[in-house]
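Inspection log for the structure reproduced underneath, given as C-alpha cells.
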Ligand code: C2E
Ligand code: CA
Ligand code: CA
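Numbering (our numbering), first residue to last: 58 to 631.
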C-alpha cells in the first residue's frame, strides 16, 4: 500500500490515538511518557471504562494497549467482546502481560502482538506499536477497496481475483458461476425510495452469502441490482433462489420482489472468469420477463449465438469496406384509390457474407444496435440509398421517395442532422425524397431528446414514419403531439388478425387511432389478396408486403418499377 494511498484514506494528519487500558497508575505513567512524543494517549483504568471509550470513539482510536489483569474484568473478556462485535473487530490490540502462558489464548481471541512486563526499552515499545498500527491501517484500506460499501460484499474486481485464486488452489474442483438479478429493480426504487431498495439489496447479499459461504462460495455485487456467486458445483439452485427471494421480501411490507437466476454449471475453466459469468448472464437473460420461470441454465446453443455474434462483429469492418452490405428495396402501395398506386419504397439492409451467405438483418441489426456499430452501417445504407434515389431521378426521370430505417442510437448522435442534410445536398435531392422510419420504442425511451431531434428533422422537410407501431407504449395523448406523418403497424397485428380466429377488432382499432391523430396508416407484411382487401375495407391507406413484392436488389427493383410504369391503368389488379 503506498503512503499516498494511506494519506488519502486517513481523514487528517493528526496524531494517532492510542487507548491504554491499565489499572496500575505507575504503569500508565510509564507508558504515557513513552508514547507521548509520537501519539495522543487515552488512559482507562478499568475494563468497563475502556469498553465505553471504544464504543464512543472507535472511529478515531488506532490501537489498544491492554493489561490482562483489571479490577472489574479479565482482559480476555475484553478481547472476546471486541471480536464478537463487527464494529469493533478491526481495532488492533496489543496485550501487555508478564504471563507468557496467556499468549496463545490471546492470539486466538484476536490480539495482534505482545509487550512483555516488565516493559522493554522505549524504542522496542514504539517500534511494535508503529508496526501494528501500520499493518492494521493497510488492512483497513484493503478491506475498504475490496468491498462494496452498501452490502459489505466483495466488489467485482476483487471477486474475480479471488475466484481465480480459488481455481488455482482447487484445480480439479467443479465450480459454478451464478448470477442473481432483481427483476425491475428500478421500479422498486422509484416506488418505495432508494433507502428501501438498498435494504432489499442488503438482505439479498446477506442471505446469498450465508447460503454459499459454508461450502467455500464467494459472492459479490457486480452492478446495482446484480449479484455474482462463484461456488463449488451444487444442484440446489432452485432452493437458493427461493430462500434468497423470501428473505428479500422479509420486511413485512408484503411487496413482491422477484429475482431470477442464471447458472453456468461446471464451468469450463479454460475460459476467462469474466466469460464464465457472461454465460451465467446469458442464462439469466433468457428467463428475463418470464413469469413462469425464474431460473435459467446455460446451454451450448446460447454460446453458438454468442459465437456467431462475435464473428459478425469481427467481420463488420471488412464487410463495410468491401461493400458486402447491400440495399434491397421494397415498394409500398397506396390502396385508397380504385387501383393501388406506387407510394414509396423502403430501403432494407442485406449482408452478403462471403462464408455465411445472406445474413438476415433480424440477426445483425439488433446486435449492432447493442454495440454501437449500427451508426456506421446505417450511414452506409443511407448513402447508398441517397445515391440510388439520385440515379432513379436522373436516368429514369422517376421520383419515388424512399424510406430508410433510423435507429434509436442514430437519433442520439448530435451530428445526425448534418449527416442527413449533407446526403440530401450532395445528391441533389429534396428532403421529401427521403423518408425516415423511427421505431415507436425510440420515442418512449429517451423521449424528450429524441422527440426534439425528430421534430427538427421534420421541420427541415423530412417525412417521418413511426415504425413497428403498437410495440411501444405511446398513449393516444402523446401520439397526437409527436412529430410524425404516418404510423406503420407492427407486422404482428396483421399476423394475429388474420390467423386462426380472425379477430380483426384490434387491427381495426389501431387503424382508427391513426385516423384520429390524422396521419397515414401503413400496414407491412401483407402477403395475400384477402389481407389487402380486408385492410382496405378497414380504412388502411398504404400497404407493403410480399403481396406486391419482396424486397429486391436495386437492379431488379428498377425493372419492377419500369414494369409498373408500363402497366395500363386498371391492369394492376392482383
Ligand atoms: P422493419 O423495418 O419492420 O422491416 C420490415 C421487415 O419485414 C423486413 O425484414 C422485410 O423484409 C419484411 N417483410 C416485408 N414484407 C413481408 C411479408 O409480406 N411477409 C413477411 N413475413 N415479412 C415481410 P428484414 O428486411 O429482414 O428486416 C428486419 C428488420 O431489420 C427491419 O424491420 C428493420 O427493423 C431492421 N432493418 C433492416 N434494414 C435496416 C437498416 O438499414 N437500418 C436499421 N437500423 N434497421 C434495419
Ligand atoms: Ca422499417
Ligand atoms: Ca416494421
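Don't be surprised by glycine CBs; every beta carbon is placed ideally from N, CA and C.
Whole-Å CB distance - residue i paired with residue j, under 8 angstroms assumed
{"i": "residue 445", "j": "residue 384", "result": "7 angstroms"}
{"i": "residue 404", "j": "residue 461", "result": "5 angstroms"}
{"i": "residue 406", "j": "residue 434", "result": "7 angstroms"}
{"i": "residue 275", "j": "residue 216", "result": "6 angstroms"}
{"i": "residue 302", "j": "residue 314", "result": "7 angstroms"}
{"i": "residue 236", "j": "residue 282", "result": "At roughly 11 angstroms, the Cβ-Cβ gap does not stay under 8 angstroms, so residue 236 and residue 282 are not in contact."}
{"i": "residue 330", "j": "residue 221", "result": "6 angstroms"}
{"i": "residue 543", "j": "residue 576", "result": "5 angstroms"}
{"i": "residue 506", "j": "residue 469", "result": "7 angstroms"}
{"i": "residue 489", "j": "residue 520", "result": "7 angstroms"}
{"i": "residue 465", "j": "residue 502", "result": "6 angstroms"}
{"i": "residue 288", "j": "residue 210", "result": "Contact flag wrong, Cβ pair sits at about 14 angstroms."}
Per-residue burial, residue i [other beta carbons within 10 Å of its own, 16 or more giving buried]
{"i": "residue 618", "result": "buried"}
{"i": "residue 423", "result": "exposed"}
{"i": "residue 536", "result": "buried"}
{"i": "residue 479", "result": "exposed"}
{"i": "residue 485", "result": "exposed"}
{"i": "residue 471", "result": "exposed"}
{"i": "residue 77", "result": "buried"}
{"i": "residue 614", "result": "buried"}
{"i": "residue 531", "result": "buried"}
{"i": "residue 463", "result": "buried"}
{"i": "residue 416", "result": "buried"}
{"i": "residue 158", "result": "exposed"}
{"i": "residue 121", "result": "buried"}
{"i": "residue 254", "result": "buried"}
{"i": "residue 413", "result": "exposed"}
{"i": "residue 310", "result": "exposed"}
{"i": "residue 279", "result": "buried"}
{"i": "residue 113", "result": "exposed"}
{"i": "residue 60", "result": "For residue 60, the predicted model reports a pLDDT of 35, less than 50, meaning its position is unreliable and no value from the coordinates is stated."}
{"i": "residue 549", "result": "exposed"}
{"i": "residue 588", "result": "buried"}
{"i": "residue 111", "result": "buried"}
{"i": "residue 624", "result": "exposed"}
{"i": "residue 83", "result": "exposed"}
{"i": "residue 68", "result": "Caution applies to residue 68, whose pLDDT of 36 falls short of 50 and renders its modelled position unreliable; the value that the coordinates give is listed next. The residue in question, residue 68, is exposed, as its Cβ has fewer than 16 Cβ neighbours within 10 Å."}
{"i": "residue 580", "result": "buried"}
Check whether residue i and residue j have beta carbons under 8 angstroms apart
{"i": "residue 118", "j": "residue 147", "result": "no"}
{"i": "residue 95", "j": "residue 183", "result": "yes"}
{"i": "residue 602", "j": "residue 584", "result": "yes"}
{"i": "residue 386", "j": "residue 607", "result": "no"}
{"i": "residue 351", "j": "residue 298", "result": "yes"}
{"i": "residue 2", "j": "residue 285", "result": "In the structure as shown, the chain starts at 58 and stops at 631, and residue 2 therefore has no counterpart that could be examined."}
{"i": "residue 300", "j": "residue 319", "result": "no"}
{"i": "residue 546", "j": "residue 527", "result": "yes"}
{"i": "residue 437", "j": "residue 377", "result": "yes"}
{"i": "residue 170", "j": "residue 189", "result": "yes"}
Residue i beta carbon near ligand 2 (any heavy atom closer than 7 angstroms)
{"i": "residue 462", "result": "yes"}
{"i": "residue 497", "result": "no"}
{"i": "residue 494", "result": "yes"}
{"i": "residue 403", "result": "yes"}
Residue i beta carbon near ligand 1 (any heavy atom closer than 7 angstroms)
{"i": "residue 418", "result": "yes"}
{"i": "residue 500", "result": "no"}
{"i": "residue 459", "result": "no"}
{"i": "residue 579", "result": "no"}
{"i": "residue 388", "result": "no"}
{"i": "residue 400", "result": "no"}
{"i": "residue 596", "result": "no"}
{"i": "residue 602", "result": "yes"}
{"i": "residue 587", "result": "no"}
{"i": "residue 409", "result": "no"}
{"i": "residue 584", "result": "yes"}
{"i": "residue 470", "result": "no"}
{"i": "residue 507", "result": "no"}
{"i": "residue 143", "result": "no"}
{"i": "residue 289", "result": "no"}
{"i": "residue 608", "result": "yes"}
Extract the residue ranges of the beta strand (DSSP E) inside the stretch 520-584, only unbroken runs of 3 or more that lie entirely within it. 520-526, 543-546, 577-581
For ligand 4, enumerate in chain order all residues having a CB closer than 7 angstroms to any of its heavy atoms. Questions concerning ligand 4 fall outside what the structure shown contains, since the ligands it does hold are ligand 1, ligand 2 and ligand 3.
Ordered list of beta strand (DSSP E) runs contained in the stretch 336-418, each at least 3 residues: 352-354, 382-391, 398-410, 414-416
Taking the runs of the beta strand (DSSP E) that are 3 residues or longer, which of them lie wholly in the stretch 83-159? 97-101, 118-124, 150-154
Uninterrupted beta strand (DSSP E) stretches inside the stretch 454-524 (no shorter than 3 residues): 459-463, 491-496
What are the uninterrupted segments assigned as beta strand (DSSP E) that are 3 or more residues long and contained completely in the stretch 222-269, given in chain order? 232-239
At which residue ranges does the stretch 175-219 contain complete alpha helix (DSSP H) runs of 4 or more residues, listed in the order of the chain? 179-203
What are the start and end residues of each continuous alpha helix (DSSP H) run of 4 or more residues lying completely inside the stretch 265-324, in chain order? 294-305
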